[in-house]
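Engineer: Below are the structure tokens for one structure; questions will follow.
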Amino acid sequence: MTEARPIRPDTDPRPPDHRRRRSILILVLTAAVALLVDAGTKQWALSGLVPGEPVRLLGGLIWLSVIRNSGAAWSVGSDHTWVFPIITLAVVAWIGWMAGRLRSVPWAISLGLVLGGALGNFADRIFRAPGVFLGHVVDMISVFGPYGQHFPVFNLADSSLFCGVVLAVLLELTGHRRDGSRTRPAGAEATGAGTAGGERA
Numbered sequence: 001m002t003e004a005r006p007i008r009p010d011t012d013p014r015p016p017d018h019r020r021r022r023s024i025l026i027l028v029l030t031a032a033v034a035l036l037v038d039a040g041t042k043q044w045a046l047s048g049l050v051p052g053e054p055v056r057l058l059g060g061l062i063w064l065s066v067i068r069n070s071g072a073a074w075s076v077g078s079d080h081t082w083v084f085p086i087i088t089l090a091v092v093a094w095i096g097w098m099a100g101r102l103r104s105v106p107w108a109i110s111l112g113l114v115l116g117g118a119l120g121n122f123a124d125r126i127f128r129a130p131g132v133f134l135g136h137v138v139d140m141i142s143v144f145g146p147y148g149q150h151f152p153v154f155n156l157a158d159s160s161l162f163c164g165v166v167l168a169v170l171l172e173l174t175g176h177r178r179d180g181s182r183t184r185p186a187g188a189e190a191t192g193a194g195t196a197g198g199e200r201a
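In full-length UniProt numbering, the protein residues as written are 1 to 201.
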């Protein structure tokens with residue numbers, strides 16, 4: 001089987017250290033914006049929404065109803081709240097390791113969204129009641145129903161995490177590497193070779 005190989009050499013004239021610093025700066029800024037927006041919307045939800053009185057938007061497509069969630073989606077793992085901060089610390093460590101070879105702006109945005117989302121919910125686990133590592137996450141966005149009947153109630157940290165992961169998957173599928181280079185998937189390479197042969201014939 002033919003392995004994927006680089007198809008776009010790195011032609012950026014700037015030194016690798018410069019591109020690495022730029023990418024890490026974008027990662028940090030993206031994470032900071034995601035974290036601050038999440039914290040702001042949670043504070044607004046706690047002060048502006050009344051529990052048990054959901055706000056209907058877009059004809060019922062979206063509902064705002066503040067809840068406190070001790071678990072993950074659909075309250076999965078609600079009896080083991082302490083596990084989620086540990087998972088977050090592992091994610092932060094993984095992103096730190098990934099940043100070692102980071103030279104790609106799209107990857108920086110992806111990792112920044114994941115980091116900001118993870119830290120947003122991590123802050124709830126640490127600083128909110130009932131205590132450190134046991135705090136309940138503030139959720140407020142529900143779709144198709146006011147209390148998560150059809151889809152888990154979520155917050156902007158969850159949205160940031162989801163968008164970051166989806167972007168990372170797309171980057172992988174399209175051959176974008178963290179170091180700024182690109183690769184061609186093995187299947188695409190084989191197809192290209194077959195097409196070239198057909199044209200020569």
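For glycine and all other residues, C-beta sits at the position ideal for the given N, C-alpha and C.
No experiment lies behind these values; they were computed from the predicted model shown.
Going by C-alpha to C-alpha distance, which of R184, V132 and G164 sits closest to F84?
Structural biologist: Position 84 of the sequence shown, counted from the start, is the residue given in the question as residue 84. Checking every option, the nearest Cα to that of F84 belongs to V132.
Engineer: How should V50 be labelled, buried or exposed, when 16 other C-beta atoms within 10 angstroms of its C-beta is the threshold for buried?
Structural biologist: Reading the sequence shown from its first residue, position 50 is the one you call residue 50. With fewer than 16 other Cβ atoms within 10 Å, it is exposed.
Engineer: Taking Cβ to Cβ, would you say L113 is nearer than 7 Å to S160?
Structural biologist: On the sequence shown, residue 113 is found 113 positions in, with the first residue counted as 1. On the sequence shown, residue 160 is found 160 positions in, with the first residue counted as 1. Yes, Cβ-Cβ distance for L113 and S160 is below 7 Å.
Engineer: Which residue's Cα is closest to the Cα of D179: I62, V66, G71 and G100?
Structural biologist: Counting from 1 along the sequence shown, the entry for residue 179 is found at position 179. Cα-wise, what sits closest to D179 is G100.
Engineer: Looking at C-alpha atoms only, which residue of S70, I126 and L29 is the closest neighbour of I109?
Structural biologist: Position 109 of the sequence shown, counting from 1, holds the residue named residue 109. Answer by Cα proximity: L29.
Engineer: Please work out which residues of its chain come closer than 6 Å, Cβ to Cβ, to A118, disregarding the five sequence neighbours upstream and downstream, and give them in chain order.
Structural biologist: Taking the sequence shown and counting its residues from 1, one reaches residue 118 at position 118. Contacts found: T88 and V91.
Engineer: Where do the ends of the alpha helix (DSSP H) carrying R125 lie?
Structural biologist: Against the sequence shown, residue 125 aligns to sequence position 125. Its alpha helix (DSSP H) spans residues V105 to F127.
Engineer: Can you give me the C-alpha to C-alpha distance between H80 and I126, rounded to a whole angstrom?
Structural biologist: Here residue 80 is taken as the residue at index 80 of the sequence shown, counted from 1. Here residue 126 is taken as the residue at index 126 of the sequence shown, counted from 1. Roughly 14 Å between the two C-alpha positions.
Engineer: DSSP on D179, reduced to helix/strand/coil?
Structural biologist: For the purposes of this step, residue 179 is taken as the residue at position 179 of the sequence shown. D179: coil per DSSP, three-state reduction.
Engineer: Between the beta-carbon of L27 and the beta-carbon of L111, is there less than 7 Å?
Structural biologist: Translated into positions along the sequence shown, residue 27 becomes position 27. Translated into positions along the sequence shown, residue 111 becomes position 111. Contact: yes.
Engineer: Report the three-state DSSP secondary structure of T81 (helix, strand or coil).
Structural biologist: Taking the sequence shown and counting its residues from 1, the one referred to as residue 81 is at position 81. Coil at T81, not helix or strand.
Engineer: Compare the Cα-Cα distances from V166 to each of P54, A123, L134 and W107 and report the closest residue.
Structural biologist: Translated into the one-based positions of the sequence shown, residue 166 becomes position 166. Minimum Cα distance to V166 is reached at W107.
Engineer: Out of curiosity, what's the CA-to-CA distance linking S23 and L58?
Structural biologist: Within the sequence shown, numbered from 1, the residue matching residue 23 stands at position 23. Within the sequence shown, numbered from 1, the residue matching residue 58 stands at position 58. Looking at the two C-alpha atoms, the distance is approximately 37 Å.
Engineer: Leaving aside the five residues before and after F122 along the sequence, list all residues of the same chain whose C-beta is less than 7 Å from its C-beta, in chain order.
Structural biologist: In the sequence shown, residue 122 corresponds to position 122, counting from 1. So the qualifying residues of the chain are P85 and T88.
Engineer: Report buried or exposed for S47, applying the criterion of at least 16 other Cβ atoms within 10 angstroms of its Cβ.
Structural biologist: Looking up residue 47 in the sequence shown gives position 47. Under this definition S47 is an exposed residue.
Engineer: Who are the near neighbours of residue 205 in its chain, counting only those whose CB is closer than 7 Å to its CB and skipping five residues on each side?
Structural biologist: The requested residue 205 does not occur in the structure, where the chain is confined to residues 1 to 201.
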